[in-house]
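Inspection log for the structure reproduced underneath, given as structure tokens.
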Amino acid sequence: MDFGDLTVHIAVQGQGLPECQKIRGKEKAMIEVTNVDHLGIRVTNETGSIAFYEQLGFKVERRADGDTVTILRNSHGIELNLVYNGVDSTGGKNILMDVPEKHTGYTHMALNVGSISKALYALREQNIAISQGPVSFGRSDAASVFIRDPDRNVIELRGNIAPGEQIEGLERYDPDA
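The opening position of the sequence shown corresponds to residue 1 in the numbering used here, with each subsequent residue numbered one higher.
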């Protein structure tokens, strides 16, 4: 809603006024996002999806009563909500990544890992296919690998490269080159 040049401040009980910032030349109240609470992923197969995400260190925390949601959490508190009412109407393709026409939406989630080389080892041990990578973007000391869940949702695993560590097959992508 546009209030013209009026600056609107909403006081949250006991917290005072929010910070403001200029947006398109007008001062507006700012929403302070502090963290990602959880990620909801629509899937077609609850059992297969749970088995996949367990390989990434997630465990079933609970199933939502009377709903098609299973809540997973890892040891670092990252929460995934698997919504298992998906229908495969694209013949096993991810409509955001696998078709020529580009649709709007979230293309992938990126998860930080403690060690990219340990993640690569675990992926090989668990026979999880890498769809892209390992790749280093820009001048970063980190590398990423991309994998797909059973519904072809894209997951980026990103971790630091230790000083002097050699990552087999690492491609360096420099957007300035």
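No residue lacks a Cβ here, since even glycine has one placed at the ideal position from N, Cα and C.
Taking the alpha helix (DSSP H) that residue i belongs to, which residues open and close that run?
i: Leu120; result: Ile116 to Glu125
Of the choices the options, whose alpha-carbon is the least far from that of residue i?
i: Ser136; options: Thr68, Glu27 and Tyr173; result: Tyr173
i: Met30; options: Ser75, Cys20 and Val36; result: Cys20
i: Asn35; options: Ala64, Ile78 and Asn74; result: Ile78
i: Ile147; options: Ser140, Glu125, Asp141 and Ile130; result: Ile130
i: Ala162; options: Arg42, Ala143, Met109 and Glu171; result: Ala143
i: Met97; options: Ile128, Asn45 and Asp151; result: Asp151
Ends of the beta strand (DSSP E) at residue i?
i: Met109; result: His108 to Asn112
i: Asn81; result: Glu79 to Val83
i: Ser131; result: Ile130 to Phe137
So, are the CB atoms of residue i and residue j less than 8 Å apart?
i: Val154; j: Asn81; result: no
i: Phe52; j: Leu72; result: no
i: Val183; j: Leu120; result: The first residue shown for the chain is 1 and the last is 177, placing residue 183 beyond what the model contains.
i: Ser89; j: Glu165; result: no
i: Val113; j: Leu157; result: yes
i: Gly86; j: Thr44; result: yes
i: Pro100; j: Gly138; result: no
What is the C-beta distance between residue i and residue j, in whole angstroms, given that I count them as a contact (C-beta under 8 Å)?
i: Ser49; j: Tyr84; result: 7 Å
i: Leu39; j: Met109; result: 6 Å
i: Thr216; j: Val60; result: The structure shown does not extend to residue 216, since the chain is modelled only from 1 to 177, so the question has no answer here.
Please determine whether the Cβ atom of residue i lies at a distance below 7 Å from any heavy atom of the ligand FMN.
i: Lys26; result: The model depicted lacks the ligand FMN and carries no ligand whatsoever.
**Item:** Inside the segment 42 to 74 only - beta strand (DSSP E) runs reaching at least 3 residues
**Value:** 59 to 63 and 69 to 73
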